[in-house]
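Residue numbers (the numbering used here), protein chains in the order written: chain Y, 803 to 1358; chain S, 803 to 1358. Using N, Cα and C, we set each Cβ at its ideal position, and we do this for glycine too. Report on one structure; see the data block that follows.
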């Protein structure tokens, strides 16, 4: 490796998955690069692989070890998979945070929640305002997405300009925020783009994306046609959609009530930061109780079936004094994220049992995506004509498909997944290092490595149940009394119809009775022998091989 | 309730869900009806709600208690959600099992596996062959589906004819099995249909269903265009699809190798029972190792991402001597069942990393459903003009939508979910009883009620972790030595950086030291006090409230 200065790109999260975005850029001599971090997101746990986990972060160790070289943290927008880790890692990184106003509002809150100084979040105006971060000049280029003030980053480096798109779509009429300005993008690329680092999540969608504003009439017509109460759910952060829904309600002569903490918080943040103007007046849920149902519209959280959100609460009955009934309409102005299907359908079926008419996005009339589809991505490739295309944010299949699309246009493209460091200095991207990456779990108040075994043990208990066996040995290493067993998550009786714990205790007692002095003085051997006995009895009796904890107490 | 004879319908499973079908019909005086059971299926567990469970059955208690009145068990087809419970419950029901030949082949195996007499399975020829079962005459009417020899049941009762469709589609060219015969269905309905009890799973699909045979050319073209190895997965029981795939391979000059036990078993069963003729010759996986990859086609199990099936094994590397490589093609000739997305995408991304071209059903070119869509259902309503329509097999939203479709045609329709007994004797279906139903889990070798708490405890351990605390009290009820704690599924150290178990032990020791004689002699109070201590320390240290097992050993 030469000692010359170089431009590096290193994804720590988001490249190889949808979620937990974290991308590092650096300039300098190898090992001495000055660094910036773009986004610091989280991803969400699931019962199958991460039961009991609260949040999932990218493993930031590489950057934490090099934090003295970190010049800035830049946040493209306020979605959790881009901003969610900021409060959890700031103390380890200690670099100033830059973002636009609305995102800053959210970021400051996240800093405060984890005891960090919100003043470390600096609000930057949109392009052409530029900040300096070591060898980089960076500006925030407005893009459309499904949350206000999303930005691509224009990153000028000593060897040329990088455009890092963040999550984006091309929307000429986004309801809230700036419309897509092809001319501006063209100007930005006028002197050449070294690298386009580009959102890949919708690369498999073959039709061009649709504008947020195409929904306005559809939603208005649906609300106008509906009798009974009208309830709509969408992502709370999709403030444009919330506005469209609220305006449809107002036009239909309905009072609008927002429900769910995130919904109230996001609308409030939008109003306070000035991104949302002339939002229709809303009423509280207490006021809503007194409004005839045909004059009422609720806009609620929980489009993904989250068990504690407003949608799920309404699907189970009364929530904050309001209750759905036959003839009401419930609109999912949202798509179901893969993996959330069961939770969403649980709610839909509960509404069906109440006689509520459920409308989802299967007609494509009531939801559009916030990401650029393949034709849109190709249009951007064409517009920017970058020297190289680095597909970013997406599962491997998406990154690969995106690279193929670039190559098809004659643009050098490189798939680099988490931990793959690219040297972008020359004409082509070159893999120059592989960095250990992975996931870190927030488990209660603690961070746990994904491979630490803590969650693995929980999964094993969930699959196999747990048997605890207690043995007391006296001063002469002789068993004192009988062994005592307890189980959790196992049937009480099996084949022989005797309690499983009694059979375990009896077999353990026999094992101890047969044990010689040497075995009785060796905790490790005794434990593994007793564990074997417990497993064997369990398999014979109930056909399961449980997790076993043996506790040997010595009265020595 | 009058003592007159009546015709009843009672779903025990499948009405309110997709899966575990079980429908009871009866004729006679109330409480004395002679009964038949149509299908006895299972559904599959998931990590979120049923970790560690092996299979899920409908709660058959109602029928088991009335087994002496059960005349027959009729199985419409061989999918697990219709046949999977037969071996597990036959001993409790002890009625003869009737089905067609291919289904019988599978049913006999299921009987044997659970130690039942396979001779209890009786093979019935297709309509017009009729069996007698108490007051019912029943024949098996061939329908198309995604497994050979699916059947609707024509059930003649003292008050008219019922058609119970089972799972079905309308297919004029199903590749394997009889094409849909509208004339025959019309004839069957000529004297009037009392009730059409009808599959609802695809009622939300608005376009007419497509024939299995529409895939033949698409699949053939794809195989012909592909270089490298060609691998396809589909449901093993979709023997028509397996045949189409194998023939496409043969036409492209490829040797065909079937992989995965279910795949081999289903093709073998189809050949043995005569439903599958002229299946292309296949080679073993040992032979496949010697075939150049461009001349090889694998047809494999695991379209749903199952971790131990052939697809997942291939996604992880070498499987039975075969390994995918860059330029190979992998076809999912299947759709992903909701809930299985994550597992399937895990495989797709692994293939993407290998450079394998993955083709899925998003183009609709390589997969068709086995169920009737809404226009097809409406065509059947029209063809049969039943006195009443009872939507069957589907989530509540599907049953409801199906009933709406019937009502729109002027056909009396009634949604009856599991446990809702309908009296079909008169002109309209009338709810006459509600029966306790639910789910039963096969957990290892034992059946467990869904509400028994066993699985709930496992979920809690998975979410919260588990702390075990041991306390020994001597003959005078005084603590002997220090309490001893063990944890499973929890981080070892928290806020104070001391081991959690040591902090728990210290707090428990203090609690015991402060305890008065009355508390020390009361196991229950002592246990709940110690549990509180453990939880409190855990919350303070690691921010989690674990499950706690306290074991108090007394040397009395």
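Exercise. Using a cut-off of 7 Å between C-beta atoms, extract the partners of residue 1259 of chain Y located in chain S.
Key: The count along the first chain starts at 1 and reaches residue 1259 of chain Y at position 457. Simply 1290 and 1291.
Quiz item: Taking DSSP as the reference, what is the three-state secondary structure of residue 956 of chain Y?
Solution: Along the first chain, read from residue 1 onward, the residue named residue 956 of chain Y stands at position 154. Looking at residue 956 of chain Y - three-state DSSP - the assignment turns out to be strand.
Practice problem: Mind listing the chain Y neighbours of residue 1263 of chain S? Cutoff is C-beta to C-beta under 8 Å, in chain order. | Solution: Residue 1263 of chain S sits at position 461 when you count from the first residue of the second chain. Against chain Y, a Cβ distance below 8 Å from residue 1263 of chain S picks out 1260, 1263, 1264, 1268, 1290 and 1291.
Quiz item: Is it right to say residue 1318 of chain S is buried, meaning 16 or more other beta carbons lie within 10 angstroms of its own, or is it exposed?
Solution: As a first step, residue 1318 of chain S must be located in the second chain, where it is residue number 516. Burial is judged here by how many other beta carbons sit within 10 angstroms of a residue's own beta carbon; residue 1318 of chain S has fewer than 16 and is exposed.
Quiz item: How would you label residue 1253 of chain S, buried or exposed, when you count the other beta carbons within 10 angstroms and need 16 or more for buried?
Solution: Position 451 of the second chain, counted from the first residue, corresponds to residue 1253 of chain S. Classification of residue 1253 of chain S: exposed, given that the 10 Å Cβ count is below 16.
Quiz item: Taking all protein chains shown into account, do 16 or more other C-beta atoms lie within 10 angstroms of the C-beta of residue 812 of chain Y, making it buried, or fewer, making it exposed?
Solution: Here residue 812 of chain Y corresponds to residue number 10 of the first chain, with the count starting at 1. Counting other Cβ atoms within 10 Å of its Cβ, residue 812 of chain Y reaches 16 or more and is therefore classed as buried.
Quiz item: If residue 1359 of chain Y and residue 1153 of chain Y are in contact, beta carbons under 8 Å, what's the gap, nearest whole angstrom?
Solution: Because chain Y in this structure spans residues 803 to 1358, residue 1359 of chain Y falls outside the shown range and cannot be described.
Quiz item: In chain order, which beta strand (DSSP E) runs of at least 3 residues are fully inside the stretch 806 to 867 of chain Y?
Solution: Qualifying beta strand (DSSP E) stretches, in chain order: 808 to 815, 824 to 830, 836 to 840 and 857 to 860.
Quiz item: What does residue 910 of chain S reach in chain Y if we use C-beta pairs closer than 8 Å?
Solution: Residue 910 of chain S sits at position 108 when you count from the first residue of the second chain. Residues of chain Y passing the Cβ test: none, with the nearest at roughly 23 Å.
Practice problem: Indicate the three-state DSSP secondary structure (helix, strand or coil) for residue 969 of chain S in the structure shown. | Solution: As a first step, residue 969 of chain S must be located in the second chain, where it is residue number 167. The three-state secondary structure of residue 969 of chain S, taken from DSSP, is coil.
Quiz prompt | Integer Cβ distance of residue 866 of chain Y from residue 877 of chain Y, believed to fall under 8 Å | solution = As a first step, residue 866 of chain Y must be located in the first chain, where it is residue number 64. As a first step, residue 877 of chain Y must be located in the first chain, where it is residue number 75. Actually they are not in contact, since the Cβ atoms of residue 866 of chain Y and residue 877 of chain Y sit about 18 Å apart, beyond 8 Å.
Practice problem: Please classify residue 881 of chain S: is it buried, with 16 or more other beta-carbons within 10 angstroms of its beta-carbon, or exposed? | Solution: Locating residue 881 of chain S in the second chain gives position 79, where the first residue counts as 1. Around the beta carbon of residue 881 of chain S, 16 or more other beta carbons lie within 10 angstroms, which makes this residue buried.
Quiz item: Hey, is the stretch 1176 to 1189 of chain Y in contact with the stretch 998 to 1015 of chain Y, meaning 3+ C-beta pairs nearer than 8 Å?
Solution: They touch, by the three-pair rule.
Practice problem: Indicate whether the contact test is met: 3 or more Cβ pairs, each with one atom in the stretch 1342 to 1358 of chain Y and one in the stretch 1187 to 1199 of chain S, closer than 8 Å. | Solution: Segments in contact, no.
Quiz item: Span of the alpha helix (DSSP H) holding residue 1045 of chain Y?
Solution: Residue 1045 of chain Y sits at position 243 when you count from the first residue of the first chain. Element bounds for residue 1045 of chain Y: 1041 to 1053.
Quiz item: If we cut at 8 Å on Cβ distances, does residue 1009 of chain S have a partner in chain Y?
Solution: Walking along the second chain from the start, residue 1009 of chain S turns up at place 207. No, because no Cβ of chain Y sits closer than 8 Å to the Cβ of residue 1009 of chain S.
Self-check item: Limits of the beta strand (DSSP E) - the one that residue 1093 of chain Y falls within
Solution: Translated into the one-based positions of the first chain, residue 1093 of chain Y becomes position 291. In this chain, residue 1093 of chain Y is not harboured by any beta strand (DSSP E), its DSSP state being neither H nor E.
Quiz item: What residues in the stretch 846 to 877 of chain Y have a beta carbon less than 7 Å from any beta carbon of chain S?
Solution: Along the stretch 846 to 877 of chain Y, going in chain order, the ones with a CB nearer than 7 Å to a CB of chain S are 849, 850, 853 and 854.
Quiz prompt | Any 3 or more C-beta pairs closer than 8 Å across the stretch 1262 to 1278 of chain Y and the stretch 1265 to 1274 of chain S | solution = Contact holds: three or more Cβ-Cβ distances are below 8 Å.
Quiz prompt | Selected residue, minimal CA-CA separation from residue 974 of chain S, among S/982, S/967 and S/968 | solution = Position 172 of the second chain, counted from the first residue, corresponds to residue 974 of chain S. The candidate whose alpha carbon is nearest that of residue 974 of chain S is S/982.
Quiz item: So with Cβ pairs under 8 Å, would you call residue 1155 of chain Y a contact of chain S?
Solution: Position 353 of the first chain, counting from 1, holds the residue named residue 1155 of chain Y. Closer than 8 Å to some Cβ of chain S, the Cβ of residue 1155 of chain Y qualifies, so yes.
Practice problem: State yes or no: is the beta carbon of residue 1299 of chain Y nearer than 8 Å to at least one beta carbon in chain S? | Solution: As a first step, residue 1299 of chain Y must be located in the first chain, where it is residue number 497. Not a single C-beta of chain S is nearer than 8 Å to the C-beta of residue 1299 of chain Y.
Quiz item: Measuring CB to CB, does residue 948 of chain S end up less than 8 Å from residue 968 of chain S?
Solution: Translated into the one-based positions of the second chain, residue 948 of chain S becomes position 146. Translated into the one-based positions of the second chain, residue 968 of chain S becomes position 166. For the 8 Å CB-CB criterion, residue 948 of chain S and residue 968 of chain S do not form a contact.
Self-check item: C-beta neighbour in chain S for residue 1274 of chain Y, strict 8 Å
Solution: Translated into positions along the first chain, residue 1274 of chain Y becomes position 472. Between residue 1274 of chain Y and chain S, the shortest Cβ-Cβ separation is below 8 Å.
Quiz item: Cβ atoms of residue 944 of chain Y and residue 906 of chain Y: under 8 Å apart, would you say?
Solution: By 1-based counting over the first chain, the position of residue 906 of chain Y is 104. By 1-based counting over the first chain, the position of residue 944 of chain Y is 142. Between residue 906 of chain Y and residue 944 of chain Y, the C-beta spacing is not below 8 Å.
Exercise. Report the three-state DSSP secondary structure of residue 1004 of chain Y (helix, strand or coil).
Key: Counting from one through the first chain, the residue named residue 1004 of chain Y turns up at place 202. DSSP places residue 1004 of chain Y in coil when its eight states are reduced to three.
Quiz item: Going along the chain, which residues of its own chain have a beta-carbon closer than 6 Å to the beta-carbon of residue 803 of chain Y, five neighbours each way excluded?
Solution: Residue numbering aside, residue 803 of chain Y sits at position 1 when the first chain is read from its first letter. Any answer about residue 803 of chain Y is weak, because its pLDDT of 47 lies below 50 and its placement is not dependable; what the coordinates show is given next. Residues 832 of the same chain have their beta carbon placed closer than 6 Å to that of residue 803 of chain Y, with the five preceding and five following residues left out of the count.
Self-check item: residue 1251 of chain Y: first and last residue of the uninterrupted beta strand (DSSP E) it sits in
Solution: As a first step, residue 1251 of chain Y is located in the first chain; it is residue number 449 there, counting from the start. Its beta strand (DSSP E) spans residues 1248 to 1251.
Quiz item: At which residues does the beta strand (DSSP E) containing residue 1288 of chain Y begin and terminate?
Solution: By 1-based counting over the first chain, the position of residue 1288 of chain Y is 486. Per DSSP, the continuous beta strand (DSSP E) segment holding residue 1288 of chain Y begins and ends at 1286 to 1290.
Quiz item: Taking Cβ to Cβ, would you say residue 942 of chain Y is nearer than 8 Å to residue 829 of chain Y?
Solution: Sequence index remark: in the first chain, residue 942 of chain Y carries index 140 (1-based). Sequence index remark: in the first chain, residue 829 of chain Y carries index 27 (1-based). No. Outside cutoff.
Practice problem: Within its chain, find whatever has a CB closer than 7 Å to the CB of residue 1261 of chain Y; leave out the 5 residues flanking it on each side and keep chain order. | Solution: One-based indexing of the first chain puts residue 1261 of chain Y at position 459. Contacts found: 853.
Quiz item: Under 8 Å, do residue 814 of chain S and residue 860 of chain S count as touching if we go by C-beta distance?
Solution: Here residue 814 of chain S is taken as the residue at index 12 of the second chain, counted from 1. Here residue 860 of chain S is taken as the residue at index 58 of the second chain, counted from 1. Result yes, Cβ atoms of residue 814 of chain S and residue 860 of chain S sit closer than 8 Å.
Quiz item: Just reading off the alpha helix (DSSP H) that residue 1266 of chain Y is part of, what are its end residues?
Solution: Position 464 of the first chain, counted from the start, is the residue given in the question as residue 1266 of chain Y. Unbroken alpha helix (DSSP H) run through residue 1266 of chain Y: 1256 to 1266.
Quiz item: For a contact meaning CB atoms closer than 8 Å, what does residue 1349 of chain Y contact in chain S?
Solution: The residue labelled residue 1349 of chain Y in the question sits at position 547 within the first chain. Close to residue 1349 of chain Y, with beta-carbon spacing below 8 Å, are these residues of chain S in chain order: 1290.
Self-check item: Sufficient close CB pairs (3 or more, under 8 Å) joining the stretch 1210 to 1229 of chain S to the stretch 1187 to 1194 of chain S
Solution: The stretch 1210 to 1229 of chain S, when compared against the stretch 1187 to 1194 of chain S, does touch it at the 8 Å Cβ threshold.
Practice problem: Can you tell me which of the three DSSP states residue 1282 of chain S falls into? | Solution: Numbered from 1 along the second chain, position 480 holds the residue referred to as residue 1282 of chain S. In this structure, residue 1282 of chain S counts as coil in the three-state DSSP scheme.
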